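Peer 1: Take a look at this one; I'll ask things after.
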Amino acid sequence: MTEISFRVWQCGGSLEIIPCSRVGHVFRKRHPYTFPGGSGNVFARNTRRAAEVWMDDYKEYYYTAVPLARNVPFGNIQDRLDLRSKLQCKPFKWYLDHVYPQLKLPGLVPVSSGTLRQGTMCLDTMGHLVDSTVGVYLCHDTGGNQEWTLTQDGHIKHHDVCLTLPDYQKGTPLVMKMCEGLDGQRWHHVDNSGLLKHTRLSLCIDSRDYKSKGLTVERCNSRSPTQQWTFSVKL
Numbered sequence: 002m003t004e005i006s007f008r009v010w011q012c013g014g015s016l017e018i019i020p021c022s023r024v025g026h027v028f029r030k031r032h033p034y035t036f037p038g039g040s041g042n043v044f045a046r047n048t049r050r051a052a053e054v055w056m057d058d059y060k061e062y063y064y065t066a067v068p069l070a071r072n073v074p075f076g077n078i079q080d081r082l083d084l085r086s087k088l089q090c091k092p093f094k095w096y097l098d099h100v101y102p103q104l105k106l107p108g109l110v111p112v113s114s115g116t117l118r119q120g121t122m123c124l125d126t127m128g129h130l131v132d133s134t135v136g137v138y139l140c141h142d143t144g145g146n147q148e149w150t151l152t153q154d155g156h157i158k159h160h161d162v163c164l165t166l167p168d169y170q171k172g173t174p175l176v177m178k179m180c181e182g183l184d185g186q187r188w189h190h191v192d193n194s195g196l197l198k199h200t201r202l203s204l205c206i207d208s209r210d211y212k213s214k215g216l217t218v219e220r221c222n223s224r225s226p227t228q229q230w231t232f233s234v235k236l
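Heads up: the sequence shown begins at 2 in our numbering, then just goes up one per residue.
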């Protein structure tokens, strides 16, 4: 997946985007096959190997997003490092500067990061894009669609997009929009209750209707389990 892009571009090739192509993904209730040690462990091992081989010092962004990966053994990568050296592959900074210059790296000192959890379920983009809703999905601890950062100015970010309240009424579904510092993009994580409260309104992020509407905002209730959120990493 992502590693293919890293190694192709950094080692002198190119990865083309074909405008007429269509790619789909079906979210299953469960995997049709097994993963030794669990799917989270396998994904973490593979993505950690990619980060260690290709991302140089930027791998720390990966570990901030997927902190549990630090504890996952990733095997011997010396042959991959030797191949990268032999092919005179470019550094990861070159990839950021020339292949993906529009990528905005998250702040180095976020307030919290990683997954936003409710028990075994996590806040998930569900593969959606800008102006689409979000939901919750079984936590897999591998980042990706479940990778979020709470910034010092109150943004809940997934890469370049932020959780946004488009209408200041209870029951309104949240959507993802480009981070622009809007009032509808500012949230406060209340540590003692786990509430994710809008900074100006008595409305909190709620998952009660995630199957039909995605995440919504409702009147804050610290006793409601559908409003209690925990970040995997508190910084």
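By construction, the Cβ of each residue, glycine as well, lies at the ideal position given by its N, Cα and C atoms.
Given the structure is predicted, the values throughout are model-derived calculations rather than measurements.
Beta-carbon separation of ARG209 and THR231 under 8 Å?
Peer 2: No, these two residues do not count as a Cβ contact at 8 Å.
Peer 1: Between the beta-carbon of VAL162 and the beta-carbon of LEU216, is there less than 8 Å?
Peer 2: No. Outside cutoff.
Peer 1: Bridge partners for LYS198 per DSSP, in chain order?
Peer 2: DSSP, once it has assigned bridges, lists HIS189 and CYS205 as partnering LYS198.
Peer 1: Express the C-alpha separation of GLN147 and MET122 in angstroms, rounding to a whole number.
Peer 2: Roughly 10 Å separates the two Cα atoms.
Peer 1: Indicate the three-state DSSP secondary structure (helix, strand or coil) for LEU82 in the structure shown.
Peer 2: Note: LEU82 maps to helix in three-state DSSP.
Peer 1: Using DSSP with H/G/I as helix, E/B as strand and the rest coil, what is PHE232?
Peer 2: Strand.
Peer 1: How would you label CYS21, buried or exposed, when you count the other beta carbons within 10 angstroms and need 16 or more for buried?
Peer 2: With fewer than 16 other Cβ atoms within 10 Å, it is exposed.
Peer 1: What number of angstroms, rounded off, separates the C-alpha of LEU97 from the C-alpha of SER233?
Peer 2: Between LEU97 and SER233, the C-alpha separation is close to 27 Å.
Peer 1: Taking the straight line between their C-alpha atoms, what separation do you get for ARG50 and PHE75?
Peer 2: Looking at the two C-alpha atoms, the distance is approximately 6 Å.
Peer 1: Are THR116 and GLY155 closer than 8 Å when you measure CB to CB?
Peer 2: Going by C-beta atoms, THR116 is not nearer than 8 Å to GLY155.
Peer 1: Classify PRO174 as buried or exposed, calling it buried when 16 or more other Cβ atoms lie within 10 Å of its own Cβ.
Peer 2: Per the 10 Å Cβ criterion, buried.
Peer 1: Tell me the rounded alpha-carbon separation between LEU202 and LYS171.
Peer 2: The straight-line gap from Cα to Cα measures roughly 10 Å.
Peer 1: Would you report the Cα separation of ARG46 and ARG224, rounded to the nearest angstrom?
Peer 2: Near 37 Å, if we compare the C-alpha coordinates of ARG224 and ARG46.
Peer 1: Mind checking which residues open and close the beta strand (DSSP E) that includes LYS158?
Peer 2: Run containing LYS158: 157–159, per the beta strand (DSSP E) assignment.
Peer 1: If HIS189 sits next to SER113, beta carbons under 8 Å apart, how far is it from one beta carbon to the other, in whole angstroms?
Peer 2: Wrong, their Cβ atoms sit about 11 Å apart, outside the cutoff.
Peer 1: If the criterion is Cβ atoms closer than 8 Å, does the pair VAL67 and SER133 meet it?
Peer 2: No, Cβ-Cβ distance for VAL67 and SER133 is not below 8 Å.
Peer 1: When the Cα atoms are used, what is the spatial distance from VAL218 to GLN153?
Peer 2: Whole-angstrom Cα-Cα distance: 21 Å.
Peer 1: Report yes if the C-beta of CYS90 is less than 7 Å from at least one heavy atom of the ligand MN; otherwise report no.
Peer 2: By its list of ligands, the structure shown contains no ligand whatsoever, and the ligand MN lies outside what it can speak to.
Peer 1: Measure the C-alpha to C-alpha separation of GLN103 and LEU139 and round it to an integer number of angstroms.
Peer 2: Their Cα atoms are separated by approximately 30 Å.
Peer 1: Leaving out five residues before and five after ASP184 in sequence, what residues of the same chain have Cβ atoms less than 7 Å from its Cβ?
Peer 2: These residues qualify, in order along the chain: ARG201.
Peer 1: Would LYS158 be called buried (16 or more neighbouring beta carbons within 10 Å of its own) or exposed?
Peer 2: Buried is the call here.
Peer 1: Less than 8 Å between the beta carbons of ARG31 and VAL54, yes or no?
Peer 2: No, the pair does not count as a contact, with Cβ atoms beyond the cut-off.
Peer 1: Which class does GLY258 belong to by DSSP, given the choice of helix, strand or coil?
Peer 2: Since the first residue shown for the chain is 2 and the last is 236, residue 258 is missing from the structure and cannot be characterised.
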